[in-house]
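*Asks:* Right, I'll just put the structure down here and ask away after.
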Amino acid sequence: MTNRRNFIKTALTVASGMAVGQVAMASSKPANNYSGIIYTTDNPGQWDKKIKGHAPEVTIDGKNITITTNHGMNSRHYIVRHTLVTEDGTVLGSMTFSPED
17 MTNRRNFIKT ALTVASGMAV GQVAMASSKP ANNYSGIIYT TDNPGQWDKK
67 IKGHAPEVTI DGKNITITTN HGMNSRHYIV RHTLVTEDGT VLGSMTFSPE
117 D
């Protein structure tokens, strides 16, 4: 599970209101006002000019959540971490990347 483009692909209990096959950009407001800790397209913080290539795309299919980020990775420039957080602040999963991922 170290693939940077598909880092969380596991069975999770998904809130009953989520539709099968739903696709969304990580765009909800930060849970409990975690501004500066949780970044989204609505709250990009210091990444406001880099949303397009840095914001992950989240796909929900039943109990499976897949997070994809279409961003190149090399030793000089890479995304360090993605964390999947629910609206109430619960961390569902995370992945720290290295340039080799």
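Counting the sequence shown from 1 gives a position; the working numbering is that position plus 16. Ideal placement from N, C-alpha and C gives every residue a C-beta, glycine not left out.
Please confirm if the region 61-71 is in contact with the region 79-95, defined as three or more CB-CB distances below 8 Å between the two stretches.
*Replies:* Touching, yes.
*Asks:* Using alpha carbons as the reference points, say which of Y55, Y50, E116 and G78 lies closest to H93.
*Replies:* Here residue 93 refers to the residue found at position 77 of the sequence shown. Closest option to H93, Cα to Cα, is E116.
*Asks:* Nearest-angstrom Cα distance between L108 and V101?
*Replies:* Taking the sequence shown and counting its residues from 1, one reaches residue 108 at position 92. Taking the sequence shown and counting its residues from 1, one reaches residue 101 at position 85. Their backbone Cα atoms lie some 6 Å apart in a straight line.
*Asks:* Indicate the three-state DSSP secondary structure (helix, strand or coil) for I67 in the structure shown.
*Replies:* What you label residue 67 is simply residue 51 of the sequence shown in a count that begins at 1. The answer is helix: DSSP assigns I67 an H, G or I state.
*Asks:* Tell me, which residues are paired with H93 by DSSP?
*Replies:* Taking the first residue of the sequence shown as 1, we reach residue 93 at position 77. The partner list for H93 (beta bridge, DSSP) reads N90.
*Asks:* Could you tell me the distance, in whole angstroms, from the CA atom of N61 to the CA atom of S51?
*Replies:* Working through the sequence shown from its first residue, we reach residue 61 at position 45. Working through the sequence shown from its first residue, we reach residue 51 at position 35. In the sequence as displayed, the identity of residue 61 is Gly instead of Asn. Taking the straight line joining both Cα atoms gives about 8 Å.
*Asks:* To the nearest angstrom, report how far apart V74 and N90 are at their CA atoms.
*Replies:* On the sequence shown, residue 74 is found 58 positions in, with the first residue counted as 1. On the sequence shown, residue 90 is found 74 positions in, with the first residue counted as 1. The alpha-carbon atoms of V74 and N90 are separated by roughly 23 Å.
*Asks:* Can you tell me where the beta strand (DSSP E) holding T84 begins and where it ends?
*Replies:* As a first step, residue 84 must be located in the sequence shown, where it is residue number 68. Where T84 is concerned, the enclosing beta strand (DSSP E) stretches over N80 to T84.
*Asks:* Are there 16 or more other CB atoms within 10 angstroms of the CB of T106, so buried, or fewer, so exposed?
*Replies:* Within the sequence shown, numbered from 1, the residue matching residue 106 stands at position 90. T106 is exposed by the Cβ-count criterion.
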